[in-house]
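Sequence order for the protein chains is S and A. Going by our numbering, 99 is the number at position 99 of the first sequence; the sequence numbering is gapless. Going by our numbering, 76 is the number at position 76 of the second sequence; the sequence numbering is gapless. Where a beta carbon is used, it is the ideal one built from N, C-alpha and C, also for glycine. The next block holds one structure in the form of structure tokens; read it before the comments.
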Amino acid sequence: TQLLEQSPQFLSIQEGENLTVYCNSSSVFSSLQWYRQEPGEGPVLLVTVVTGGEVKKLKRLTFQFGDARKDSSLHITAAQTGDTGLYLCAARYGNKLVFGAGTILRVKS
Amino acid sequence: GAGVSQSPSNKVTEKGKDVELRCDPISGHTALYWYRQSLGQGLEFLIYFQGNSAPDKSGLPSDRFSAERTGGSVSTLTIQRTQQEDSAVYLCASSLGHQETQYFGPGTRLLVL
Numbered sequence: 001t002q003l004l005e006q007s008p009q010f011l012s013i014q015e016g017e018n019l020t021v022y023c024n025s026s027s028v029f030s031s032l033q034w035y036r037q038e039p040g041e042g043p044v045l046l047v048t049v050v051t052g053g054e055v056k057k058l059k060r061l062t063f064q065f066g067d068a069r070k071d072s073s074l075h076i077t078a079a080q081t082g083d084t085g086l087y088l089c090a091a092r093y094g095n096k097l098v099f100g101a102g103t104i105l106r107v108k109s
Numbered sequence: 001g002a003g004v005s006q007s008p009s010n011k012v013t014e015k016g017k018d019v020e021l022r023c024d025p026i027s028g029h030t031a032l033y034w035y036r037q038s039l040g041q042g043l044e045f046l047i048y049f050q051g052n053s054a055p056d057k058s059g060l061p062s063d064r065f066s067a068e069r070t071g072g073s074v075s076t077l078t079i080q081r082t083q084q085e086d087s088a089v090y091l092c093a094s095s096l097g098h099q100e101t102q103y104f105g106p107g108t109r110l111l112v113l
């Protein structure tokens, strides 16, 4: 059983559409991170959310941390082909980061 | 500046052989992590080095896996008597210190035939 459950596993959309991906857990976390990973590369940190109910915006990306600090969402507005990649959520668990299985996003032109 | 580098980028080996994977962290980073990423899975923590402290080996899946970090810099992950289920991407990350942002290398793609 994954500590962090991500959904959907795969998303294929047209350029210009909006989308939301989710990261859920039954555990409470002090913070949660979102990463983006492109083929042949390592994950790159997009954002860290630390406060329950927090909303952070990064250009067309909006990240939200649930009030209870158990879940998070990533919303992309007007997706572009350059948004294609694997989106991973992660939470600190002792010395390590625990990752969800990821959402593969494909944006078609 | 230079990021985290890993070598080789790809490795194909036969079942039963030993392999060594190398990670060069960002200069000055005291923390170094190894993760494994299998197809359709997220990253799985393997081992963590922090300065001169004893490493956290709690994620190593079996005693065939070991890792060293020499001189607080370069790290080597060794897999002995490789099995087909060891096939995965092995990622290394480093950070300035404990619980700081982790910067990942591009990974080594290991295929065990």
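Straight-line measurement puts the Cα of Arg69/A at about 28 Å from the Cα of Leu46/S.
Within chain S, the C-beta atoms nearer than 7 Å to that of Thr101/A come from Leu45, in chain order. Within chain S, the residues whose beta carbon sits less than 8 Å from that of Leu43/A are Pro43, Leu88, Ala90, Leu97, Phe99, listed in sequence order. For Asp83/S, the secondary structure class from DSSP, reduced to helix, strand or coil, is helix. Take the alpha-carbon of Glu14/A and the one of Thr78/A: they are about 15 Å apart.
Among the CB atoms of chain S, one or more fall inside 9 Å of the CB of Leu91/A. In this structure, the beta-carbon distance from Leu60/A to Phe49/A does not fall below 9 Å. Bounds of any beta strand (DSSP E) do not take in Glu38/S, whose DSSP letter is neither H nor E.
Judged by DSSP secondary structure, Gln6/A falls within the beta strand (DSSP E) whose first and last residues are 5-7. Proximity of Gly40/S to chain A, defined by a Cβ-Cβ separation below 9 Å, is satisfied. Positions of the beta strand (DSSP E) runs, each at least 3 residues long and wholly inside the segment 9-45 of chain A, are given as 10-13, 19-24, 31-37 in order along the chain. The beta-carbon separation of Ser25/S and Asp71/S, rounded to 7 Å, stays under the 8 Å limit for a contact. Annotated three-state conformation of Gln33/S is strand, per DSSP.
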